[in-house]
Amino acid sequence: MSSLSCELYGDALVATFDGVIDRKAAPRLSAKLVKALGPATHLVCDLTDVTDISGAGYRLLLHAYHLTSAKRGEVAIVGAPEDIRDTMIATGLCEFFVMTD
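Following this note's numbering, the numbering of the sequence shown begins with 3 at its first residue and continues without gaps.
The following block contains the structure:
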């Protein structure tokens, strides 16, 4: 099962994902993330404990990017496993995010 925990630090929200982000989990996780993003300008998505991500999960991240960039903020992806990082590079999604270990 997948989960999401969110903590606000000033104007930055740290969203820590866990498990699989697939078409079943993405709507629930997205709703929670959108609600938590309310007061935040910047977003840090910690994917360290994500074991797999589907197209719906990548759409969730892109949606978060659009919401954050509308506030003139940035989204950082941290701790993405190598296969997820490789997919983001191959598809060009990495261009939207600050990516770091």
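Positions of the beta carbon are idealized from the N, C-alpha and C atoms, including for glycine.
As the structure is a computational prediction, the values presented were derived from the model and not from experiment.
Within the same chain, no residue comes within 6 Å of Gly-57 by CB-CB distance, once the 5 residues on both sides are set aside. Look at the region 8–77 and you find these whole runs of alpha helix (DSSP H), each 4 residues long or longer: 28–39, 57–71. In its chain, beyond the 5 residues on either side, Asp-20 have a beta carbon closer than 6 Å to the beta carbon of Asp-51.
Annotated three-state conformation of Met-3 is coil, per DSSP. Our two residues, Leu-35 and Ala-92, have alpha carbons roughly 25 Å apart in a direct line. Checking the DSSP bridge columns, you'll see Met-101 partnered with Ile-79. Sequence-distant partners of Tyr-67 (beyond 5 residues in either direction) whose C-beta falls short of 6 Å from its own C-beta, in its chain, are Val-77, Phe-98.
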